[in-house]
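Colleague: Using our numbering, read the sequence shown as starting at 211 and increasing by one per residue.
Ideal placement from N, C-alpha and C gives every residue a C-beta, glycine not left out.
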Amino acid sequence: MLDGTPLVIPIGHALPLYRTLHPDYSANIGLIAATLARRHPGMRLIDIGANVGDTVAIVFRQVRIPVLCIEGDPYYARLLRRNMRPLSDLVEIHEGLVGGVAGMAMVELRRNVGTAAIRPVSGSGPGVRMESLSAILSTHPAFAAPGLIKIDTDGLDMEILAGALDLAARAKPVLFFEYDPGAGHAQPGLFQSLLCAGYHGLLLYDNIGRLIRHSILDGDAAISVAAQYRALPPGGYLDLAVFHVDDDESFRELAI
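1. Compare the Cα-Cα distances from Ser342 to each of Tyr409, Ala372 and Pro356 and report the closest residue.
2. Distance, Cα to Cα, Phe401 vs Val384?
3. Considering only DSSP beta bridges, list what Ser344 is partnered with.
4. When you compare the stretch 357 to 372 with the stretch 291 to 301, are there three or more beta-carbon pairs, one atom per stretch, that lie closer than 8 Å?
5. Using beta-carbon positions only, say whether Ser460 and Arg249 come within less than 7 Å of one another.
6. Roughly how many angstroms separate the alpha carbons of Phe353 and Ile256, rounded to a whole number?
7. Is Val311 helix, strand or coil by DSSP?
8. State the Cα-Cα distance for the pair Glu281 and Ala287, rounded to the nearest angstrom.
9. Could you check whether Cys279 and Ile303 sit closer than 7 Å to each other, using their CB atoms as the reference points?
10. What does Cys279 pair with, by DSSP beta-bridge criteria?
11. So, is Thr230 buried or exposed, given that buried needs 16 or more other C-beta atoms within 10 angstroms?
12. Would you tell me roughly how many angstroms separate the C-alpha atoms of Arg291 and Ala260, rounded to the nearest one?
13. Taking only the alpha-carbon atoms, compute the straight-line gap between Thr325 and Asp264 and give it to the nearest angstrom.
14. Does Tyr285 come out as helix, strand or coil in the three-state DSSP assignment?
15. Using DSSP bridges, identify the partner residues of Phe453.
16. Which class does Leu358 belong to by DSSP, given the choice of helix, strand or coil?
17. Which residue from Asp430, Pro216 and Phe386 puts its Cα closest to that of Leu289?
18. Sorted by chain position, which residues of the same chain lie with C-beta nearer than 6 Å to Tyr439's C-beta, five sequence neighbours on each side aside?
19. CB Arg420 to CB Pro356, shorter than 7 Å?
20. Ignore the nearest five residues each way along the sequence and tell me which others in Tyr235's own chain have a CB closer than 7 Å to its CB.
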């Protein structure tokens, strides 16, 4: 049971340990969703890297909104479908790997303590089929204009985000994603592109979900975020939430 939602998880999944050690682990995504829902009736969430449905459980503790769960690992997708069956009136599921662009990519999925990480592989072979977010949304039209996009793929977060800039500029969702250069997260110029798309506020959380800094997105954002990352203990990473200028009130409320 996670925040009132029954979840079937595999043996060895790290979530129970994280919640035992840190009772508010990942509560930030629920708080962000609830804050946005108060200002935007009918708001929808896209959860890329949905795993077993834990984000849905955390969000639903705060607010019940429609969610599109996207999961690329067949094993976790099966668990996700089982866990979300009682919530099918609010939750849609898409099984597939999201990339910055559609096509075949030389990557592989590696499972470890309850998550599936995407890692590049060398050599020749058939590769793995990646889907663009825009193509996925064409089959889930109710989520064409989300209010919040959460990305947690352990390897492709910033690449996916870079490929979704057109959607970001049009729908202006809050963007919540992982920043971990040690896991291959690197996209030069991304913060500048977000700035050009109208994004303004930046919240930085540690990997437990604690707010450690808020700032305004500017030309020095990449340098500032990199400095915060280097200050983390070994094995740590950042979660970033980026707000469009039109959502400045939500940003300021959550920055307190």
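Modeller: With the given structure in hand:
1. On the sequence shown, position 132 is the one that residue 342 refers to. With distances taken between Cα atoms, Ser342 lies closest to Ala372.
2. Taking the sequence shown and counting its residues from 1, the one referred to as residue 401 is at position 191. Taking the sequence shown and counting its residues from 1, the one referred to as residue 384 is at position 174. Note on geometry: alpha-carbon atoms of Phe401 and Val384 lie some 14 Å from one another.
3. Taking the first residue of the sequence shown as 1, we reach residue 344 at position 134. Answer is none; Ser344 lacks a bridge partner.
4. Segments in contact, no.
5. As a first step, residue 460 is located in the sequence shown; it is residue number 250 there, counting from the start. As a first step, residue 249 is located in the sequence shown; it is residue number 39 there, counting from the start. Result yes, Cβ atoms of Ser460 and Arg249 sit closer than 7 Å.
6. What you label residue 353 is simply residue 143 of the sequence shown in a count that begins at 1. What you label residue 256 is simply residue 46 of the sequence shown in a count that begins at 1. Approximately 7 Å, taken between the alpha carbons.
7. The count along the sequence shown starts at 1 and reaches residue 311 at position 101. Val311: coil per DSSP, three-state reduction.
8. Here residue 281 refers to the residue found at position 71 when the sequence shown is read from its first residue. Here residue 287 refers to the residue found at position 77 when the sequence shown is read from its first residue. Whole-angstrom Cα-Cα distance: 6 Å.
9. As a first step, residue 303 is located in the sequence shown; it is residue number 93 there, counting from the start. As a first step, residue 279 is located in the sequence shown; it is residue number 69 there, counting from the start. With respect to the 7 Å criterion, Ile303 and Cys279 are classified as neighbours on the basis of their beta carbons.
10. Reading the sequence shown from its first residue, position 69 is the one you call residue 279. The partner list for Cys279 (beta bridge, DSSP) reads Asp257 and Ile303.
11. Here residue 230 refers to the residue found at position 20 when the sequence shown is read from its first residue. Residue environment: Thr230 is assigned as exposed (fewer than 16 neighbouring CB atoms within 10 Å of its CB, all protein chains considered).
12. Within the sequence shown, the letter at position 81 stands for residue 291. Within the sequence shown, the letter at position 50 stands for residue 260. Near 11 Å, if we compare the C-alpha coordinates of Ala260 and Arg291.
13. What you label residue 325 is simply residue 115 of the sequence shown in a count that begins at 1. What you label residue 264 is simply residue 54 of the sequence shown in a count that begins at 1. Thr325 and Asp264: Cα-Cα distance of roughly 12 Å.
14. For the purposes of this step, residue 285 is identified with residue 75 of the sequence shown, where counting begins at 1. Residue state, collapsed to three classes: helix.
15. Taking the first residue of the sequence shown as position 1, residue 453 is located at position 243. Beta-bridge pairing links Phe453 to Gly411.
16. Here residue 358 refers to the residue found at position 148 when the sequence shown is read from its first residue. Strand.
17. Here the question's residue 289 lines up with position 79 in the sequence shown. For the residues Asp430, Pro216 and Phe386, the minimum Cα distance to Leu289 belongs to Pro216.
18. In the sequence shown, counting from the first residue as 1, residue 439 sits at position 229. Excluding sequence positions up to five before and after Tyr439, its CB lies within less than 6 Å of the CB of Leu448, all in the same chain and listed in chain order.
19. Taking the first residue of the sequence shown as 1, we reach residue 420 at position 210. Taking the first residue of the sequence shown as 1, we reach residue 356 at position 146. The criterion of a C-beta distance shorter than 7 Å is not satisfied by Arg420 and Pro356.
20. Numbered from 1 along the sequence shown, position 25 holds the residue referred to as residue 235. Spatial neighbours of Tyr235 in its own chain (CB-CB distance under 7 Å, excluding positions within 5 residues in sequence) are listed in chain order as Tyr228, Arg229, Ile418 and Gly419.
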